[in-house]
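Okay, structure first, notes after.
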Amino acid sequence: MPISKTDFVRGLQCEKMLWLDAHAPEYKIIPPEVQAKLDAGNEFGDAAMGIFGEFVETTTLREDGRLHFAAMLEKTKALLCCDTPVICEAAFSWYGNFCAADILKKEGTGYALYEVKNSYTARQEFVTDLGFQRLLLRKCGVPLLSSKLILRGDELPENVEISDVEKSAPVEFIEHGGFRYKIVDVTKAAKLTERLASLRIFELGKLKRKDAEMPAIGVGEHCEKPYRCWYFAHCHGLCDRDTNQINE
Ligand code: SF4
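Numbering of the sequence shown is given in the working numbering, commencing with residue 32 and proceeding in unit increments.
Shown next as structure tokens:
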């Protein structure tokens with residue numbers, strides 16, 4: 032079965048998480064504060080689209096509101112053919128595995144790939160996400176020159192430390208629309224995660240098959256790192272099996 036970049040990042044954190052996503056998503060509980068963060072991330076992503084000036088976005092919705100991925104693939108192909116300088120949500124598919132790149136910017140004979148995250152520092156899981164995208168883009172024949180993260184560029188809060196990934200990466204700042212963005216070039220690190228993606232992509236996809244058995248994975252540190260798992264209550268026996276309500 033094909034996977035998305037989100038599946039890839041989730042499957043690397045815990046294979047059981049990816050299995051539950053495919054086979055028992057009804058056990059998922061997304062806390063309101065996490066949902067608020069996800070919504071804020073989407074707004075941040077939308078605001079960052081114009082960071083390099085005019086752009087064309089491929090996002091296409093079906094009548095029921097779901098993404099029309101086939102239409103996005105077609106649009107992306109057409110935009111690449113006419114050398115569009117900046118494409119947002121550029122869609123790619125390889126053996127059914129798919130991703131939409133936040134921003135793809137033409138630079139000479141190649142492209143710079145950008146992933147937008149509403150975060151103050153470059154976390155390893157963002158690089159993992161980029162590695163998956165790199166694999167698909169390159170398999171689709173896109174000549175990639177660099178892979179970068181677009182992050183919050185305002186002053187670092189006291190409780191946030193610059194990550195190890197970012198310490199060794201070139202950084203620049205851009206002002207746009209009243210915001211300050213930080214651009215971190217993680218090309219070197221993303222090349223390594225691209226290799227990881229090429230090794231794991233098909234194996235993780237098997238977890239989504241109808242007949243896939245649930246991986247026998249117990250609870251542990253991985254339930255909270257890098258993200259608190261949405262099946263935390265389910266796997267830790269904190270909720271009613273029938274109603275999925277957290278026990279008082
Ligand atoms: S709670 Fe832990 S064991 Fe259960 S799916 Fe999530 S990460 Fe995996």
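No residue lacks a Cβ here, since even glycine has one placed at the ideal position from N, Cα and C.
- Within this structure, are the beta carbons of residue 137 and residue 116 separated by less than 7 Å? For this step, residue 137 is matched to residue 106 along the sequence shown. For this step, residue 116 is matched to residue 85 along the sequence shown. Cβ distance < 7 Å, so residue 137 and residue 116 count as in contact.
- Simplified DSSP state of residue 261, which is helix, strand or coil: By one-based count along the sequence shown, residue 261 stands at place 230. If DSSP states are grouped into helix, strand and coil, residue 261 belongs with coil.
- Message: Closest to residue 105 by C-alpha separation, out of 94, 90 and 96, would be which residue?
- Response: On the sequence shown, position 74 is the one that residue 105 refers to. Among 94, 90 and 96, the Cα nearest to that of residue 105 belongs to 90.
- Message: Since residue 49 and residue 42 should fall inside the 8 Å C-beta cutoff, what is the C-beta to C-beta distance between them, to a whole number of angstroms?
- Response: To locate residue 49, count along the sequence shown from 1; it is residue 18. To locate residue 42, count along the sequence shown from 1; it is residue 11. Contact holds; Cβ gap of about 4 Å.
- Task: Whole angstroms is fine: what's the gap from residue 163's alpha carbon to residue 169's?
- Result: Here residue 163 is taken as the residue at index 132 of the sequence shown, counted from 1. Here residue 169 is taken as the residue at index 138 of the sequence shown, counted from 1. C-alpha separation (whole angstroms): 10 Å.
- Task: Assign residue 249 to one of three DSSP states: helix, strand, or coil.
- Result: Start at 1 with the first residue of the sequence shown, and residue 249 comes out as number 218. Here residue 249 sits in coil by DSSP.
- Task: Confirm the yes/no value for this check: CB of residue 262, any heavy atom of the ligand SF4, distance under 6 Å.
- Result: For the purposes of this step, residue 262 is taken as residue 231 along the sequence shown, with counting starting at 1. True, at least one ligand heavy atom lies under 6 Å from that Cβ.
- Query: Within 10 angstroms of its Cβ, does residue 238 collect 16 or more other Cβ (buried), or is it exposed?
  - Reply: On the sequence shown, position 207 is the one that residue 238 refers to. The residue in question, residue 238, is buried, as its Cβ has 16 or more Cβ neighbours within 10 Å.
- Query: Considering only residues of the same chain and omitting the five flanking positions on each side of residue 215, which have a CB-CB separation below 7 Å?
  - Reply: Taking the sequence shown and counting its residues from 1, one reaches residue 215 at position 184. So the list reads 153, 179, 180, 182, 197, 200 and 202, once near-sequence residues are dropped.
- Quick one: does residue 44 have its CB under 7 Å from some CB of chain D? Annotation note: the requested chain D is absent from the structure, which comprises a single protein chain.
- Query: Between residue 261 and the rest of its own chain, which residues show a CB-CB distance below 7 Å, the 5 nearest in sequence each way excluded?
  - Reply: Position 230 of the sequence shown holds residue 261. Closer than 7 Å at Cβ, skipping near neighbours: 59, 60 and 61.
- Task: Consult DSSP for residue 99 and reduce its assignment to one of helix, strand or coil.
- Result: Indexing the sequence shown from 1 puts residue 99 at position 68. Residue 99: coil per DSSP, three-state reduction.
- When every heavy atom of the ligand SF4 is checked, does at least one fall within less than 6 Å of the C-beta of residue 40? Residue 40 sits at position 9 when you count from the first residue of the sequence shown. Residue 40: no, Cβ never under 6 Å from the ligand SF4.
- Message: Check this for me: beta carbons of residue 236 and residue 33, under 7 Å apart or not?
- Response: Taking the sequence shown and counting its residues from 1, the one referred to as residue 236 is at position 205. Taking the sequence shown and counting its residues from 1, the one referred to as residue 33 is at position 2. Against a cut-off of 7 Å, the Cβ pair of residue 33 and residue 236 comes out as a contact.
- Query: Alpha carbon to alpha carbon, how far is residue 56 from residue 86?
  - Reply: Taking the first residue of the sequence shown as position 1, residue 56 is located at position 25. Taking the first residue of the sequence shown as position 1, residue 86 is located at position 55. Computed Cα separation, rounded: 35 Å.
- Message: Do residue 228 and residue 144 count as a contact pair if the criterion is CB distance below 7 Å?
- Response: Position 113 of the sequence shown, counting from 1, holds the residue named residue 144. Position 197 of the sequence shown, counting from 1, holds the residue named residue 228. Cβ distance not < 7 Å, so residue 144 and residue 228 don't count as in contact.
- What are the boundary residues of the alpha helix (DSSP H) that residue 137 is part of? Start at 1 with the first residue of the sequence shown, and residue 137 comes out as number 106. It is not in any alpha helix (DSSP H) - residue 137 instead sits in the beta strand (DSSP E) that spans 128-138.
- residue 54 by DSSP, collapsed to three states: which one? Walking along the sequence shown from the start, residue 54 turns up at place 23. Note: residue 54 maps to helix in three-state DSSP.
- Item | Residue from 241, 119, 139 and 124 whose Cα sits closest to the Cα of residue 12 | In the structure as shown, the chain begins at 32 and stops at 279. Residue 12 is therefore absent and cannot be evaluated.
- Query: Nearest to residue 240 by CA position, among 111, 40 and 46, is which residue?
  - Reply: Sequence index remark: in the sequence shown, residue 240 carries index 209 (1-based). When only C-alpha atoms are compared, the closest one is 46.
- Message: I'd like to check one pair, residue 224 with residue 40: are the Cβ atoms closer than 7 Å?
- Response: Locating residue 40 in the sequence shown gives position 9, where the first residue counts as 1. Locating residue 224 in the sequence shown gives position 193, where the first residue counts as 1. No, Cβ-Cβ distance for residue 40 and residue 224 is not below 7 Å.
- Hey, would you say the C-beta of residue 253 is under 6 Å away from at least one heavy atom of the ligand SF4? In the sequence shown, counting from the first residue as 1, residue 253 sits at position 222. Yes, the beta carbon of residue 253 sits closer than 6 Å to at least one heavy atom of the ligand SF4.
- Nonlocal neighbours in the same chain, by C-beta distance under 8 Å from residue 110, ignoring five residues either side: To locate residue 110, count along the sequence shown from 1; it is residue 79. So the qualifying residues of the chain are 87, 89, 118 and 121.
- Item | CA-to-CA distance, residue 222 to residue 176, given in whole angstroms | Sequence index remark: in the sequence shown, residue 176 carries index 145 (1-based). Sequence index remark: in the sequence shown, residue 222 carries index 191 (1-based). For residue 176 and residue 222, the distance between alpha carbons rounds to 11 Å.
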